[in-house]
Amino acid sequence: MSNEKVILAYSGGLDTSVCIRYLQLLHKFDVISLTVDCGQNEDFNAIEEKALTIGVIKHIFVDAKEEFANNYIIPSIKSNGMYEEKYPLATALARPLIASKMVEEAHNHSATAVAHGCTGKGNDQIRFDVTIRALDPNLKIISPIRDMNLTRDLELKFAQEQNIPISLEAKKYSVDLNIWGRAIEGGNIEDTYSEPPADAFQFVKFDNDSSDYLELEFENGIPVATDGQRMNIISLVRYVNDKAGSLGIGVVDHIEDRVVGIKSREVYEAPAAVAIIEAHKDLEKMVLTAHELRFKRVVDEQWGWLVYSGLWKEPLRSDLDKFIDATQKKVSGKVKLKMQKGSLRIVGRESRHSLYRDQLATYTAKSTFDQSSAKGFVELWGLQSTVANMIDKANRSQDIEDGGATVR
Ligand code: ARG
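Next comes the structure, spelled out in structure tokens:
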């Protein structure tokens, strides 16, 4: 009888390479490795070769760049997706997509199980497991690193014993990469007080003193052109990654709350995500009312939390998308950014849906704003504060008169 088959999400990195061997040795599975291209721009032939060398019976490659950009990155731009106001969710967005491909390939190959290389300490295990179960609760989920409580040091040792080739970078950091950003964990980054060394970064350059402008044009909340050129979303993100990254934009360094309760020091480089979301937020401020903006901030925050915490398949997320999409009908226009030495500033914006009215805002004689109507408005606006302070004051002087004897 032949072995059961397992589909392993395979990146070519340390964790997933070690998993191939564990799945064979411990679980007696025939391993099929699956690499999903979410724009990580890696040498996919080398990854396939590595998987075959370690011993998979088959390797599958899926180009999911378009799907990732259209169905994951674009909704995240519309909802200004930033976890804890800092992290553009790059890894969090890719996991449910990869999980859906795992399930699809498990069905295609009559595999009884799927596997991933996540540790039990992170968020990725949640994103994979929850999505896989939502799509097919009958598939077994195997997570060798988590199940055996492996540490990176043990994995490196095992890899050496088993002749599994390991890159220099893997020895230093744990990296996850896609077109929306790159996460760098481990190594000296775990010391919260030490500055990440320049060699931790791939896209962001720190030695460029020049400044430059970047123009972004949005239609219905989606970036469609940059610097006057119309581009599809993938080319646009790559263009902005290169340009903004070359000017030092897009480094995020913060303390992050993982779902499992751990506080971790996270370092990211995400030039395009940082620049595009900053521009998108600015444009929204011009075209949405104050009421829409206030409510949308709450919705955006909730959307980001659902995605971060692995609940991509939660119906609330698609319910929120409907509200977000409705607001985006007005988010069309241009934003001009100025970038220099890692700082990014928005220096201009325009839209045919702009609610900015020169004749209302101007301090010149052109103003059509009737200042006399402000007087009554301001009085009513503060009415309850006036009354509350008056009552408080009266009660305090009554207390003094009573010598503090009054019990209320
Ligand atoms: N902290 C980020 C997140 O939860 C990044 C995870 C990156 N994963 C990795 N294997 N380095 O999305």
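Using our numbering, the first residue of the sequence shown is number 67, and each one after it goes up by one. All C-beta atoms, glycine included, are put in the ideal place defined by N, C-alpha and C.
How about residue i and residue j: do their beta carbons lie closer than 8 Å?
i      : j      : result
Phe134 : Ala165 : no
Asn307 : Phe269 : yes
Val413 : Lys407 : no
Val397 : Asn286 : yes
Ala291 : Gly316 : no
Asn146 : Lys347 : yes
Ala249 : Thr157 : yes
Glu150 : Glu322 : yes
Ile192 : Gly376 : yes
Ser83  : Lys116 : yes
Asp293 : Leu313 : no
Trp447 : Thr197 : no
Val365 : Leu382 : no
Ile98  : His175 : yes
Asp96  : Asn69  : yes
Glu227 : Ser240 : no
In whole angstroms, what is the alpha-carbon distance linking residue i and residue j?
i      : j      : result
Thr434 : Glu358 : 25 Å
Phe110 : Ile126 : 10 Å
Leu15  : Lys144 : What is shown of the chain runs 67 to 474, which leaves residue 15 out entirely.
Tyr138 : Ala160 : 8 Å
Glu283 : Ala112 : 37 Å
Glu108 : Asp424 : 50 Å
Thr178 : Ser260 : 45 Å
Leu155 : Ile328 : 17 Å
Ser233 : Gly79  : 8 Å
Gly311 : Lys271 : 6 Å
Glu528 : Thr452 : Residue 528 is absent from the structure shown; the chain starts at 67 and stops at 474.
Ser417 : Leu349 : 8 Å
Asp265 : Gln437 : 58 Å
Ala392 : Phe361 : 13 Å
Leu216 : Met148 : 30 Å
Thr258 : Asp458 : 47 Å
Asp273 : Ala338 : 19 Å
Leu91  : Val340 : 43 Å
Lys441 : Lys351 : 27 Å
Ala181 : Met214 : 14 Å
Leu205 : Lys167 : 13 Å
Ala200 : Leu372 : 15 Å
Gly253 : Lys238 : 5 Å
Leu222 : Tyr374 : 28 Å
Arg218 : Asn229 : 16 Å
Lys71  : Phe224 : 23 Å
Asp103 : Gln450 : 58 Å
Gly399 : Gly247 : 25 Å
Met456 : Arg462 : 10 Å
Gly105 : Ile73  : 21 Å
Lys432 : Tyr422 : 15 Å
His173 : Pro203 : 13 Å
Ile140 : Ala454 : 47 Å
Arg363 : Gln464 : 44 Å
Gln394 : Lys388 : 10 Å
Thr185 : Ser384 : 28 Å
Assuming residue i and residue j form a contact by the criterion Cβ under 8 Å, report the distance between their Cβ atoms to the nearest whole angstrom.
i      : j      : result
Leu89  : Ile208 : 7 Å
Leu410 : Glu344 : 6 Å
Pro289 : Ile211 : Pro289 to Ile211, Cβ: 37 Å. No contact.
Val333 : Pro263 : Not really, about 10 Å apart at Cβ, beyond 8 Å.
Tyr153 : Val318 : 6 Å
Ser420 : Val353 : 6 Å
Ile300 : Lys131 : 6 Å
Glu255 : Arg324 : The displayed chain sequence assigns Ile, not Glu, to residue 255. Not a contact, Cβ separation roughly 15 Å.
Leu304 : Ile245 : Residue identity check: residue 304 is Arg in the sequence provided, not Leu. About 7 Å; that satisfies the 8 Å criterion.
Asp278 : Gly183 : With a Cβ gap of about 39 Å, Asp278 and Gly183 do not count as contacting.
Glu171 : Leu100 : 5 Å
Can you find a C-beta in chain D that's less than 8 Å from the C-beta of residue i?
i      : result
Lys362 : Among the chains in the structure shown there is no chain D, since it carries only a single protein chain.
Closer than 7 Å: is that where the CB of residue i sits relative to any heavy atom of the ligand ZN?
i      : result
Ala158 : Absence of the ligand ZN from the depicted structure is noted, with the ligand ARG being the only ligands included.
Practice task
Kindly provide the ranges of any beta strand (DSSP E) runs that are 3 or more residues long and lie completely inside the region 382 to 467, ordered along the chain.
Solution key: 399 to 406, 409 to 416
Handout entry: Segments of 4+ residues assigned as alpha helix (DSSP H) that fall wholly inside the region 323 to 386
Key = 337 to 353, 356 to 374
Problem - 3 or more residues per run - each beta strand (DSSP E) lying fully within the region 150 to 189 - result: 179 to 181
Exercise for the section: Would you mind listing the beta strand (DSSP E) stretches within the region 232 to 270 that are 3+ residues and don't spill past its ends, in chain order? Expected result: 240 to 244, 247 to 251
Handout entry: Ordered list of beta strand (DSSP E) runs contained in the region 190 to 232, each at least 3 residues
Key = 206 to 208
Exercise for the section: Let me know the beta strand (DSSP E) ranges lying completely inside the region 76 to 128, each 3 residues or longer, listed in chain order. Expected result: 96 to 103
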